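Per this note's numbering, residue 56 is the first one in the sequence shown, and the count goes up by one each step. Quick reminder that beta carbons are idealized off the backbone N, C-alpha and C, glycines included. These numbers come from a predicted model, not from an experiment. Please read the structure below before turning to the comments.
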Amino acid sequence: MKHGPGAGRGPGGGMHVAQKAKNFKGTSKRLLGYLKPHWAKLLTVFFAAILSTAFMIIGPNILKNATNLLVEGVMPHMAAVLNGVPAELAPPINIDFNGIAGVLLTLVGIYFVSSVFNWIQQFVMAGVSQKVVYDMRKQVDDKLSRLPLKYFDGRTHGEILSRITNDVDTVAQTLQQSLTQLITAVVTIVGVLIMMLTISPLLTLVTFITIPLCLVITIFVVKRSQKYFVGQQRVLGELNGHVEEMYTGHKEVKAYGHEQKAVDEFNTVNEELYEYNRKAQFISGIIMPLMTFVNNLGYVFVAVIGGLRVANGQLTVGDVQAFIQYSNQFTQPINQTANIANILQSTVAAAERVFEVLDEEEQIPEAEHPKRIEAKALRGAVEFDHVDFSYNPAEPLIEDMNVKVSPGQTVAIVGPTGAGKTTLVNLLMRFYEIDGGAIRVDGVDIRDMTREGLRSIFGMVLQDTWLFNGTIRENIAYSRPDATLEQVMAAAKAARVDHYIRTLPDGYDTVLNEEASNISQGQKQLLTIARVILADPAILILDEATSNVDTRTEIQIQKAMNALMEGRTSFVIAHRLSTIRDADIILVMNNGKIIETGNHKQLLEQGGFYADLYNSQFAAKPSA
Numbered sequence: 056m057k058h059g060p061g062a063g064r065g066p067g068g069g070m071h072v073a074q075k076a077k078n079f080k081g082t083s084k085r086l087l088g089y090l091k092p093h094w095a096k097l098l099t100v101f102f103a104a105i106l107s108t109a110f111m112i113i114g115p116n117i118l119k120n121a122t123n124l125l126v127e128g129v130m131p132h133m134a135a136v137l138n139g140v141p142a143e144l145a146p147p148i149n150i151d152f153n154g155i156a157g158v159l160l161t162l163v164g165i166y167f168v169s170s171v172f173n174w175i176q177q178f179v180m181a182g183v184s185q186k187v188v189y190d191m192r193k194q195v196d197d198k199l200s201r202l203p204l205k206y207f208d209g210r211t212h213g214e215i216l217s218r219i220t221n222d223v224d225t226v227a228q229t230l231q232q233s234l235t236q237l238i239t240a241v242v243t244i245v246g247v248l249i250m251m252l253t254i255s256p257l258l259t260l261v262t263f264i265t266i267p268l269c270l271v272i273t274i275f276v277v278k279r280s281q282k283y284f285v286g287q288q289r290v291l292g293e294l295n296g297h298v299e300e301m302y303t304g305h306k307e308v309k310a311y312g313h314e315q316k317a318v319d320e321f322n323t324v325n326e327e328l329y330e331y332n333r334k335a336q337f338i339s340g341i342i343m344p345l346m347t348f349v350n351n352l353g354y355v356f357v358a359v360i361g362g363l364r365v366a367n368g369q370l371t372v373g374d375v376q377a378f379i380q381y382s383n384q385f386t387q388p389i390n391q392t393a394n395i396a397n398i399l400q401s402t403v404a405a406a407e408r409v410f411e412v413l414d415e416e417e418q419i420p421e422a423e424h425p426k427r428i429e430a431k432a433l434r435g436a437v438e439f440d441h442v443d444f445s446y447n448p449a450e451p452l453i454e455d456m457n458v459k460v461s462p463g464q465t466v467a468i469v470g471p472t473g474a475g476k477t478t479l480v481n482l483l484m485r486f487y488e489i490d491g492g493a494i495r496v497d498g499v500d501i502r503d504m505t506r507e508g509l510r511s512i513f514g515m516v517l518q519d520t521w522l523f524n525g526t527i528r529e530n531i532a533y534s535r536p537d538a539t540l541e542q543v544m545a546a547a548k549a550a551r552v553d554h555y556i557r558t559l560p561d562g563y564d565t566v567l568n569e570e571a572s573n574i575s576q577g578q579k580q581l582l583t584i585a586r587v588i589l590a591d592p593a594i595l596i597l598d599e600a601t602s603n604v605d606t607r608t609e610i611q612i613q614k615a616m617n618a619l620m621e622g623r624t625s626f627v628i629a630h631r632l633s634t635i636r637d638a639d640i641i642l643v644m645n646n647g648k649i650i651e652t653g654n655h656k657q658l659l660e661q662g663g664f665y666a667d668l669y670n671s672q673f674a675a676k677p678s679a
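And the structure:
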């Protein structure tokens with residue numbers, strides 16, 4: 056699992072375990088390219104950050120004047136009392152409240168101006184970051200539409216989604232927060248250092264003594280906690296995977312009585328995650344108390360030395376008070392800068408993952424002058440002419456395939472798992488590109504057609520049904536969004552599912568949930584068949600379309616399919632050989648090759664591979 060910049064933090068965000076990029080410099084340069092069109096706004100952010108920080112920095116230097124006025128009004132009286140003068144005879148306390156009020160009002164005005172500039176930088180940077188992320192996410196989405204199917208076959212849906220959501224969001228968060236924080240931190244360090252030097256170089260040196268100690272502590276803690284954070288992320292991924300499997304397959308878990316086993320596995324992984332998390336948080340949590348201790352030591356030294364210099368008349372009380380504030384402001388951005396550096400590592404790594412998608416090899420471009428077959432003129436002749444194909448160049452799958460299908464014929468494709476049946480359909484739909492030869496529809500090479508134009512002439516019913524969250528009417532009309540209710544109902548009747556829909560409380564307006572689990576698997580298949588019927592395609596592809604329905608429903612669907620396939624070229628991938636007895640051509644495939652061709656009767660008479668498959672399915676059971 057991938058996480059954004061917030062992953063792996065100790066208490067208070069004190070540390071961050073970065074995922075390092077493979078090419079930090081190159082990826083950073085490319086990422087900065089997205090910011091180039093927004094240079095004017097970035098300058099506004101830069102100057103607003105400087106001004107906001109500058110006004111914040113001068114605050115303590117002004118506040119010291121109020122402290123000095125307060126001390127000046129009290130000190131004569133206190134000095135006399137300490138020297139033995141009775142309080143009633145000592146000089147009266149004379150505090151310049153008007154002067155203090157003026158200083159405080161000035162301070163309020165300065166902090167208000169600082170807040171305004173801070174709001175400006177955040178507002179402008181939010182717009183820039185979101186525009187960058189918008190452009191990046193749009194590029195990724197456009198890229199995904201141009202990638203070949205093999206890219207998606209080689210990656211999980213979760214990984215792809217992670218790149219266009221989590222990784223892009225990580226970039227957005229860094230652009231919006233970390234960059235402005237980095238500017239602010241640098242300006243704060245420089246500005247505070249200047250102010251500290253103007254007050255007392257000696258106290259500045261004392262403050263600097265604590266910095267190496269803070270760095271040593273940070274490095275020490277990070278080295279010992281990092282392995283636990285890494286383990287935490289690894290085990291968290293295992294836990295999420297286990298939970299997902301258990302919830303998606305909860306029926307199977309219950310059916311096989313593995314509830315306790317699943318609970319035990321969860322407890323084991325959860326216990327491991329607890330140990331990693333406990334140790335990671337405990338060790339990383341030490342950093343803040345230790346840093347606070349070191350910083351407090353610095354304050355003690357500053358207070359002691361500052362007090363001595365006040366007594367010597369070299370500094371005022373206001374100077375010491377202001378310096379203590381500055382020393383506190385000085386250590387915070389140093390720690391913040393170190394954390395931001397780690398966040399930038401994670402951000403560049405996330406951007407690198409996004410760029411990997413953008414750099415993937417795209418599918419072959421469309422022909423410059425594509426050909427189009429009008430639906431009315433389409434006959435449905437299909438030809439595989441010396442076709443070669445392989446998923447891996449070192450392991451050829453289909454070699455020198457030659458098949459001619461006449462218009463209106465039903466072609467059944469049978470064979471064992473991995474024989475290449477579905478691959479044949481994928482090549483026909485141009486989900487994959489052939490390595491050699493040609494595939495033609497009505498004499499037109501499919502590579503000379505647009506993919507959209509090619510696929511518009513096909514209708515597919517797959518073994519794995521796909522329905523989306525919406526009404527039954529919307530799901531059926533997915534193939535023809537402009538279809539009327541009457542046309543949708545007619546398609547449902549043809550698919551033998553109209554009666555079932557009408558029995559539902561809301562009929563065609565019944566809403567299917569996200570996984571369409573509120574209807575049976577068989578009904579799902581019927582709805583997808585109704586969708587294809589509504590599309591009225593020129594060529595049909597049926598991938599074991601009746602595998603998820605009962606025998607009675609299968610017969611009904613088969614009748615509807617036979618009526619639909621009449622006059623249309625149809626490709627049927629079948630495991631139940633009983634469904635393809637009437638096919639005009641049966642292609643028997645094994646290891647990517649067509650080993651037998653003919654109709655059902657001819658293939659049985661040959662007594663070859665098909666006959667063995669058929670007899671194995673329909674062999675008479677021995678009598679008890």
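Through-space distance from residue j to residue i, alpha-carbon basis
i: Val126; j: Val372; result: 8 Å
i: Val285; j: Glu327; result: 13 Å
i: Asn645; j: Ile596; result: 20 Å
i: Phe178; j: Val129; result: 46 Å
i: Arg631; j: Glu651; result: 18 Å
i: Met484; j: Ala493; result: 13 Å
i: Gly470; j: Gly562; result: 40 Å
i: Pro60; j: Asp222; result: Interpretation of Pro60 is limited by its pLDDT of 35, a score under 50 that renders its predicted location unreliable; no figure is taken from the coordinates.
i: Asp500; j: Asn617; result: 28 Å
i: Val480; j: Gly88; result: 42 Å
i: Glu660; j: Asp208; result: 39 Å
i: Ala546; j: Phe486; result: 27 Å
i: Ala405; j: Leu345; result: 32 Å
i: Gly69; j: Gln384; result: Legend: pLDDT at Gly69 = 42, less than 50; position of this residue unreliable, value from coordinates given subsequently. Distance between the alpha carbons of Gly69 and Gln384 is about 16 Å.
i: Glu300; j: Gln518; result: 22 Å
i: Glu214; j: Phe444; result: 27 Å
i: Lys676; j: Lys656; result: Only weak support exists for where Lys676 lies, its pLDDT of 44 falling under 50; the coordinates are left without a value.
i: Arg64; j: Val277; result: Because Arg64 carries a pLDDT of 35, less than 50, the predicted location of this residue cannot be relied on, and no value is offered for it.
Distance CB(residue i)-CB(residue j) smaller than 8 Å
i: Leu619; j: Ile588; result: yes
i: Asp537; j: Arg434; result: no
i: Thr148; j: Ala121; result: In the sequence on display, residue 148 carries Ile and not Thr. No, the Cβ-Cβ distance between Ile148 and Ala121 is not below 8 Å.
i: Phe172; j: Ser217; result: no
i: Leu581; j: Ala550; result: yes
i: Arg506; j: Glu423; result: no
i: Val458; j: Leu199; result: no
i: Leu370; j: Ser184; result: no
i: Val247; j: Ile105; result: no
i: Thr386; j: Thr229; result: no
i: Asp414; j: Lys119; result: no
Extent of the continuous beta strand (DSSP E) run through residue i
i: Lys459; result: Ile453 to Val460
i: Leu642; result: Ile640 to Asn645
Bridge-paired residues (DSSP) for residue i
i: Arg495; result: Glu438 and Asp500
i: Asp443; result: Gly491
i: Ile628; result: Ile468 and Asp598
i: Glu651; result: Val643
i: Lys426; result: Met504
i: Thr526; result: Val566
Identity of the residue in the options nearest residue i by Cα
i: Asp564; options: Asn646, Thr465, Val516 and Val543; result: Val543
i: Ser280; options: Ile244, Ala335 and Ala549; result: Ala335
i: Val245; options: Ala109, Thr634 and Ala629; result: Ala109
i: Ile594; options: Gly508, Asn367, Lys119 and Leu137; result: Gly508
i: Tyr283; options: Gly182, Tyr302, Glu330 and Met301; result: Glu330
i: Val516; options: Asp553, Thr477, Glu143 and Val499; result: Thr477
i: Ser382; options: Asp443, His655 and Asn350; result: Asn350
i: Leu294; options: Val460, Thr229 and Val318; result: Val318
i: Ile512; options: Val552, Tyr446, Phe79 and Ser625; result: Ser625
i: Leu268; options: Thr220, Ile338, Phe348 and Glu314; result: Phe348
i: Gln578; options: Leu522, Ile628 and Leu202; result: Leu522
i: Ala449; options: His441, Val442 and Asp490; result: Asp490
i: Gly475; options: Ile379, Ile360, Lys648 and Ser233; result: Lys648
Check: residue i C-beta below 7 Å from any heavy atom of the ligand SAH
i: Val195; result: No copy of the ligand SAH appears in this structure; indeed no ligand is present at all.
Endpoints, alpha helix (DSSP H) assigned at residue i
i: Met515; result: Element bounds for Met515: not the alpha helix (DSSP H) but the beta strand (DSSP E), Phe513 to Val516.
i: Tyr89; result: Phe79 to Leu90
i: Ala95; result: Trp94 to Leu137
i: Lys476; result: Lys476 to Leu483
CB contact check: residue i to chain C, cutoff 8 Å
i: Tyr206; result: Protein chains in the displayed structure number just one, and chain C is not present.
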